[in-house]
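Enquirer:
4 protein chains.
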Amino acid sequence: MARIGIVGVSGYGGGELLRLVAGHPTFELAYVAGESSAGQTLAQRFPWLAGRDEGALVIQPFEPQQLPALELLFVSLPTGKSRDPLSRLAQKVKVVDVGGDHRFVDGWTYGLTELPGQRAQIARAARLANPGCYPAAALLALAPLAQARLIELEGVVIDAKSGVTGAGRGGASAFGYAETNEDLFAYGLASHPHAPEIETALAQLAGAKASVAFTPHLAPMSRGLLATCYARPRNGVTSEQLCEAAAALYANEPFIRLTQMQGGAGPHTGWATGSNFAFLSYAINPRTGLVVALGAIDNLGKGAAGQALQNANLMTGQPETAGLEGLPTRP
Amino acid sequence: MARIGIVGVSGYGGGELLRLVAGHPTFELAYVAGESSAGQTLAQRFPWLAGRDEGALVIQPFEPQQLPALELLFVSLPTGKSRDPLSRLAQKVKVVDVGGDHRFVDGWTYGLTELPGQRAQIARAARLANPGCYPAAALLALAPLAQARLIELEGVVIDAKSGVTGAGRGGASAFGYAETNEDLFAYGLASHPHAPEIETALAQLAGAKASVAFTPHLAPMSRGLLATCYARPRNGVTSEQLCEAAAALYANEPFIRLTQMQGGAGPHTGWATGSNFAFLSYAINPRTGLVVALGAIDNLGKGAAGQALQNANLMTGQPETAGLEGLPTRP
Amino acid sequence: MARIGIVGVSGYGGGELLRLVAGHPTFELAYVAGESSAGQTLAQRFPWLAGRDEGALVIQPFEPQQLPALELLFVSLPTGKSRDPLSRLAQKVKVVDVGGDHRFVDGWTYGLTELPGQRAQIARAARLANPGCYPAAALLALAPLAQARLIELEGVVIDAKSGVTGAGRGGASAFGYAETNEDLFAYGLASHPHAPEIETALAQLAGAKASVAFTPHLAPMSRGLLATCYARPRNGVTSEQLCEAAAALYANEPFIRLTQMQGGAGPHTGWATGSNFAFLSYAINPRTGLVVALGAIDNLGKGAAGQALQNANLMTGQPETAGLEGLPTRP
Amino acid sequence: MARIGIVGVSGYGGGELLRLVAGHPTFELAYVAGESSAGQTLAQRFPWLAGRDEGALVIQPFEPQQLPALELLFVSLPTGKSRDPLSRLAQKVKVVDVGGDHRFVDGWTYGLTELPGQRAQIARAARLANPGCYPAAALLALAPLAQARLIELEGVVIDAKSGVTGAGRGGASAFGYAETNEDLFAYGLASHPHAPEIETALAQLAGAKASVAFTPHLAPMSRGLLATCYARPRNGVTSEQLCEAAAALYANEPFIRLTQMQGGAGPHTGWATGSNFAFLSYAINPRTGLVVALGAIDNLGKGAAGQALQNANLMTGQPETAGLEGLPTRP
């Protein structure tokens, strides 16, 4: 059993990590930290853990210089909150940072497992930066097209819709039930850190400059994320070529599902709820010729905790799918 | 008092028309028809009408040759269901077709009131085709840019999100609560009748060919519609010019609200719930230079019944805002 | 026009009062106060008010000794927050306290209009305590039975379910979207101030001691409140007698709707959304003989702002239904 | 590996059984039947199964005389639909009927595992009738009190609230999203088959007659069920006695969680989502002395598929918790 820690366990991403680690065959939860619930046992914070071994763990304030012996530490803190404490880690421990502080930062490996070439790098990494939720969906949808040079990478439109847990638990009254229910809106129109993250990853994939118009939207649901991506095709590209490129890149991937349009409809975010799956579909818009690539995930699954656990499995030599074999809870 | 009829009163659009007509100062509801509830009184179908005059009206099967004397008839039937019966109307009555059968059809006036030049045509119309819900939001957002030649009209991306009532009540189990809750997906990817409707209206506005990649999405909410539109700007266009063009076109419009981004966020669909308002915002995406135009409405308000009543007011010589002055019910 | 003020305009109850007052034919909104949004104009806080007269009003911090001249002031503050400032009101102004600080307090009139004898008292009141949302639904359902001595008033069970806006906007992360969605729970099991409020009102009605087991529940919806009440019948009482007592008490009441069970189902909270209606149904449980009385309202309508406006109409000599004639927004 | 079949796989209960069986360590899914999706593969109906062994299974029309060799068959059909086909089963196969046709029917064992004495009977059963969702929650809450004679069993009030999946997928437009969202109502007020089911089980437990006023409510959520039960205590019973009785009966039960009130709040239905847990709390109402017993479950978990799998484990000699160890998916 590998001893594992989770920092940020009272947040949405940390809570999902807790669920996944508790069901993992070879990971043993040995340390949990969280600001808002420090001092409570896990069972006080998560009543369903009462009577289980994990339930007796006391949630600690995160003291990076006073950790117990651990093989790997998941850190799921709001962006901006992990850089400083992780620079002060006293012991040798592998780290998966689920937050946004170390993406494309020197000394860290960016880890979206299914992107070309990444799996081997992840397996060697000691410091891993987990992708953002929007980039996870958009990059999985666009990677085969970028790699195969089927689309122009400048001026890509990524119109994305996410459930509320993507915003983190700290969001307070702006994400109150009565405010969020029966409402949908676009945000981040001036800037959003996921836009450069997507551009950097796309550019690395294709060896060419990429620019994206990325518009996130908040939808009235707890979980789920859909990226609807529009790109200009290179000359003469057909929808068959799009599907073939995806099929080639993702052959044998356990968590990627290429789906045919059903009556003109794309994949549902609900198909992924509670799982690490990503559902991808491709079409060419008949009126404009634009490529439409769709990626549907659970923002807490493939968009956060699921991907983090997949990376941790690779980093610790476990089977890549360990602890991730649960099917979606749907409806 | 003008005698008014509603066909399709048991659908979502018809039900919202009923609410609005019941609160109209000079319209008298004199006839209601509906397939699924024919034979019931309105009060049996809508318990809150018990004890009111409207409540005693018996819902009729729609017999176009046996209507009582009416000044205007709202027809809110699924697309494909109004063409035949309306061709057999025996009496002289003004008609507003809320459904999709008569948009850009000879003999009918397309009526989105705030588009340049339409108000006067609507006031003279006897047969009016109400716009689709998606076109209403997208055209209101794009019209000032198209008219002022600020954007290229070919290759416009319209990524739109709607609540479930946009799909009509007949949708059955595909739109069941458990299927729709915690889910979001794109549909109509191969074709959707609102795409040519938008292109035709844009082309008329600008005197130039238009093509749109239109992707509707179903979001887990009852009401609300957001159109996020992306277009290439003409040379040197600034975000100020976008806002100025909208301010110029919509000066003095009672139902249009131009809104500044608030912390980078656009208008909320919830701002419109239950009202005839449309909220519009404009930006230029900083990474790609693309124009982003946002239109948020209630799909049953400005996207259906509200717009229909606004048109009917013009057609019958009533104040344009009569019966439409209610503020949004929010939250 | 009567000059009206609203204190607590940024809360849910205050926001609904704003909507209703803005649509009132003879009330002029002349003052608004609110803690969290002080300094903003109403149009900044409620974008749909841009361009309207109300929209230009600046939200004030509530200074009870520096009010403009007003005929009536609505105060919608969290329980515990209005007692002190209202004791320092410098000018003569009628007050409707929507919060819980003055119910059954000397010098204040408790005002649930349809209870026997209350209408006349309300019309004479200068200080009015609006009922709580749960008591409004439960008392309207039980009043005819209590008055006609059809039930035992000791040991009444009131199992009530409310949408989230009943908890007020200050509720923070406990009422976040992701926490509230897909969840339902009972609270206030040890004590809740609405229990003695209901008992006091019932006892006054019947001239006998009353005791209630009151259990509120939070349901995942923004608005809506259902009180399911169980009581032991007095000897030989039939369901017809229950309905007759209600019909007698509520004959000619504009906001009360007695509804027959439809296929064994009671009234829906959604029938009341956005309106001041209360829907009541009665049955005798066939297995136990217990009386079951159901009351469905919008907690922000008859449970707060609607009832408050109805009271204000009476207190200022306006028609009782002025500004309250809008039909429910449903769905 | 034990070969398992599921009849009614396209319903909500059947779909949840599919998820659980697919994750079971020693059950092999060998047969699936379903009316609405017969002829499709499981992967066509449940896209996340693509590429898995189960995904290739073709959904069959249910022909009880033409089954493959199976050790156990789950039957999850609407009440009224399983009696006839199960009477014609040609082969020897253990059956768990999740539907309502065989509860307290001769030749069938009623199986709510944690009730006193049931575990051993279930282990010997070949024909097992799974409890209804409402009885599961109510009986688990009331059983310790009934067994220990702490409450009067006549005149018990059971006010229960369920998510929509409890109504089954066949519910059509009555359970459409727009109809169910923002709505809550009571049904079954004249009669509901779960009332006699609860009475029979309680009477067997206590050896005394029981009568219950059972009122189910539909709440706007997909999953989750809360039973709020009110009963008269026997002389001098204290809340400590209630908790002690429950602690005694449920000591060592893996799926039962006794929870303390937290700030006067009871267990949340969301704590159980996707799991087989039942959360129970007890209190004495301070104003009336009534006992309040609360039971929160996932209606598709402990209320249907989870309980069914727990029973099947016992019937086939598997560890009772096999395939049921997943933690709740929350939020």
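Protein sequences, first through last, are from chains A, B, C and D. -9 is the number of the first residue of the first sequence in this note's numbering; add one for each residue after it. -9 is the number of the first residue of the second sequence in this note's numbering; add one for each residue after it. -9 is the number of the first residue of the third sequence in this note's numbering; add one for each residue after it. -9 is the number of the first residue of the fourth sequence in this note's numbering; add one for each residue after it. All C-beta atoms in this analysis are idealised placements derived from N, C-alpha and C, irrespective of residue type, glycine included.
For G101 of chain A, return the contacting residues in chain C, with the cut-off set at a CB-CB distance below 9 Å.
Expert: Walking along the first sequence from the start, residue 101 of chain A turns up at place 111. Near G101 of chain A there are no residues of chain C at all, since even the closest Cβ is about 26 Å away, more than 9 Å.
Enquirer: In chain A, what lies closer than 8 Å to M315 of chain D by C-beta?
Expert: For the purposes of this step, residue 315 of chain D is taken as residue 325 along the fourth sequence, with counting starting at 1. With the sequence shown as reference, residue 315 of chain D is identified as Glu, and Met is not the correct amino acid for it. Within chain A, the residues near E315 of chain D are G13.
Enquirer: Please decide whether R320 of chain D counts as near chain B, where near means a Cβ-Cβ distance under 9 Å.
Expert: Mapped onto the fourth sequence, residue 320 of chain D falls at position 330. The beta-carbon of R320 of chain D is placed no less than 9 Å from the nearest beta-carbon of chain B.
Enquirer: When you compare only the Cα positions, how much space is there between V281 of chain C and L179 of chain C?
Expert: Position 291 of the third sequence, counting from 1, holds the residue named residue 281 of chain C. Position 189 of the third sequence, counting from 1, holds the residue named residue 179 of chain C. Approximately 23 Å, taken between the alpha carbons.
Enquirer: I believe R109 of chain A touches L304 of chain A by the beta-carbon criterion, under 8 Å. Please report the beta-carbon distance rounded to the nearest angstrom.
Expert: Stepping through the first sequence from its first residue, residue 109 of chain A is reached at position 119. Stepping through the first sequence from its first residue, residue 304 of chain A is reached at position 314. Their Cβ separation, rounded to whole angstroms, is 7 Å, which keeps R109 of chain A and L304 of chain A in contact under 8 Å.
Enquirer: Three or more C-beta pairs under 8 Å: does that hold for the region 266 to 284 of chain B against the region 139 to 147 of chain A?
Expert: yes
Enquirer: Starting from the beta carbon of T249 of chain B, find every residue of chain C whose beta carbon is closer than 7 Å, and list them in chain order.
Expert: Residue mapping note: residue 249 of chain B aligns to position 259 of the second sequence, counting from 1. By Cβ distance, chain C contributes P37.
Enquirer: For T259 of chain C, I'd like the list of residues in its chain whose CB is within less than 7 Å of its CB, leaving aside the five on either flank, ordered along the chain.
Expert: Position 269 of the third sequence holds residue 259 of chain C. Excluding sequence neighbours, T259 of chain C sits near G214, L215, L216 and A286.
Enquirer: Quick one: list the residues of chain A neighbouring T259 of chain D, beta-carbon separation under 7 Å, in chain order.
Expert: Locating residue 259 of chain D in the fourth sequence gives position 269, counting from the first residue. Counting only Cβ-Cβ distances below 7 Å, T259 of chain D has no contacts in chain A at all, with the closest Cβ about 12 Å away.
Enquirer: Can you confirm whether R9 of chain D, when its beta carbon is compared against all beta carbons of chain C, has any partner nearer than 9 Å?
Expert: The residue you call residue 9 of chain D lines up with position 19 of the fourth sequence. Under the 9 Å criterion on CB atoms, R9 of chain D is classed as non-interfacial with respect to chain C.
Enquirer: With P51 of chain C and A28 of chain C assumed to form a contact (beta carbons below 8 Å), what rounded beta-carbon distance in angstroms separates them?
Expert: If you number the third sequence from 1, residue 51 of chain C lands on position 61. If you number the third sequence from 1, residue 28 of chain C lands on position 38. The Cβ separation is near 5 Å, so the contact holds.
Enquirer: Quick one: is Q218 of chain B near chain D, going by C-beta distance under 9 Å?
Expert: Locating residue 218 of chain B in the second sequence gives position 228, counting from the first residue. For the record, residue 218 of chain B in the displayed sequence is Thr; it is not Gln. Not one chain D Cβ lies under 9 Å of T218 of chain B.
Enquirer: Between the Cα of L19 of chain C and those of C:L317, C:G313, C:A115 and C:S265, spot the shortest distance and give me the residue it belongs to.
Expert: For the purposes of this step, residue 19 of chain C is taken as residue 29 along the third sequence, with counting starting at 1. Of the listed residues, the one whose Cα sits closest to L19 of chain C is C:G313.
Enquirer: Roughly how far, in whole angstroms, is the beta-carbon of F245 of chain D from the beta-carbon of P37 of chain A, given that I think they are within contact range, below 8 Å?
Expert: Here residue 245 of chain D refers to the residue found at position 255 when the fourth sequence is read from its first residue. Here residue 37 of chain A refers to the residue found at position 47 when the first sequence is read from its first residue. Rounded, the Cβ-Cβ distance is 13 Å, inconsistent with contact.
Enquirer: Quick check on the DSSP output: what are the complete beta strand (DSSP E) runs of length 3 or more inside the region 23 to 90 of chain A, in order along the chain?
Expert: 62 to 65 and 84 to 87
Enquirer: To which residues does DSSP link V281 of chain D through a beta bridge?
Expert: Reading the fourth sequence from its first residue, position 291 is the one you call residue 281 of chain D. Partner(s): D:A221 and D:I274.
Enquirer: With burial defined as no fewer than 16 other Cβ atoms inside 10 Å of the residue's Cβ, what is the status of D288 of chain D: buried or exposed?
Expert: If you number the fourth sequence from 1, residue 288 of chain D lands on position 298. Counting the other Cβ atoms within 10 Å of the Cβ of D288 of chain D gives 16 or more, which makes it buried.
Enquirer: Run the CB neighbour count on A273 of chain A, radius 10 Å, all protein chains shown included, and call it buried at 16 or more, exposed below.
Expert: Position 283 of the first sequence, counting from 1, holds the residue named residue 273 of chain A. Buried, since its Cβ has 16 or more Cβ neighbours within 10 Å.
Enquirer: Measure the alpha-carbon distance for H92 of chain D versus P183 of chain D and round it to whole angstroms.
Expert: Here residue 92 of chain D corresponds to residue number 102 of the fourth sequence, with the count starting at 1. Here residue 183 of chain D corresponds to residue number 193 of the fourth sequence, with the count starting at 1. So the two alpha carbons sit approximately 12 Å from each other.
Enquirer: Does DSSP classify G313 of chain B as helix, strand or coil?
Expert: Against the second sequence, residue 313 of chain B aligns to sequence position 323. Coil, per DSSP.
Enquirer: Cα-Cα, which of B:L79, B:E189, B:M211 and B:P121 is closest to N171 of chain D?
Expert: Translated into the one-based positions of the fourth sequence, residue 171 of chain D becomes position 181. For the residues B:L79, B:E189, B:M211 and B:P121, the minimum Cα distance to N171 of chain D belongs to B:M211.
Enquirer: Contact criterion: CB-CB distance below 9 Å. Does F204 of chain C meet it with respect to chain D?
Expert: Here residue 204 of chain C refers to the residue found at position 214 when the third sequence is read from its first residue. Yes, its Cβ sits closer than 9 Å to a Cβ of chain D.
Enquirer: If you follow the alpha helix (DSSP H) that V11 of chain B is in, where does it begin and where does it stop?
Expert: Working through the second sequence from its first residue, we reach residue 11 of chain B at position 21. Element bounds for V11 of chain B: Y2 to A12.
Enquirer: In terms of alpha-carbon separation, which member of A:Q137, A:G256 and A:A168 lies closest to A198 of chain A?
Expert: Against the first sequence, residue 198 of chain A aligns to sequence position 208. Residue A:Q137 is the option with its Cα nearest to A198 of chain A.
Enquirer: Keeping to the same chain, check which residues put their C-beta closer than 8 Å to that of M(-9) of chain D; ignore five residues upstream and five downstream.
Expert: Numbered from 1 along the fourth sequence, position 1 holds the residue referred to as residue -9 of chain D. Answer for M(-9) of chain D: T16, F17 and E18, listed in chain order.
Enquirer: Using the Cβ count rule (16 or more neighbours within 10 Å means buried), how would you classify A237 of chain D?
Expert: In the fourth sequence, the residue the question calls residue 237 of chain D occupies position 247. Exposed, since its Cβ has fewer than 16 Cβ neighbours within 10 Å.
Enquirer: Below 7 Å on C-beta distance, what does N275 of chain D contact in chain G?
Expert: Judged by its chain identifiers, the structure shown contains no chain G, and its protein chains are A, B, C and D.
Enquirer: Against chain A, does P68 of chain B count as a neighbour if the rule is that its beta carbon must be under 9 Å from one of theirs?
Expert: Within the second sequence, the letter at position 78 stands for residue 68 of chain B. No, P68 of chain B lies away from the interface with chain A (no Cβ there is under 9 Å from its Cβ).
Enquirer: DSSP has P201 of chain D in a bridge; who is on the other side?
Expert: As a working note, residue 201 of chain D is residue 211 in the fourth sequence. Before going on, a small fix: residue 201 of chain D reads as Ser here, not Pro. Bridge partners of S201 of chain D: D:E144.
Enquirer: Check this for me: beta carbons of G296 of chain D and S271 of chain D, under 9 Å apart or not?
Expert: Within the fourth sequence, numbered from 1, the residue matching residue 296 of chain D stands at position 306. Within the fourth sequence, numbered from 1, the residue matching residue 271 of chain D stands at position 281. Contact: no.
Enquirer: Determine the chain A residues that contact T155 of chain D at a beta-carbon separation under 9 Å, and present them in chain order.
Expert: Residue mapping note: residue 155 of chain D aligns to position 165 of the fourth sequence, counting from 1. P321, listed in chain order.
Enquirer: Taking Cβ-Cβ distances shorter than 8 Å, what residues in chain A pair up with H207 of chain B?
Expert: Within the second sequence, numbered from 1, the residue matching residue 207 of chain B stands at position 217. Correct list: K151, L216 and T218.
Enquirer: Under 8 Å Cβ-Cβ, which residues of chain B neighbour E172 of chain D?
Expert: To locate residue 172 of chain D, count along the fourth sequence from 1; it is residue 182. Those within 8 Å of E172 of chain D in chain B are S212.
Enquirer: So if I threshold CB-CB distances at 9 Å, which residues from the region 262 to 287 of chain A count as touching chain D?
Expert: A262, T263, G264, S265, F267 and F269
Enquirer: What residue range does the alpha helix (DSSP H) around L195 of chain C cover?
Expert: Here residue 195 of chain C is taken as the residue at index 205 of the third sequence, counted from 1. Its alpha helix (DSSP H) spans residues H184 to A196.
Enquirer: Identify the continuous alpha helix (DSSP H) that holds G296 of chain C and give its terminal residues.
Expert: Along the third sequence, read from residue 1 onward, the residue named residue 296 of chain C stands at position 306. Here the alpha helix (DSSP H) through G296 of chain C covers G296 to M305.
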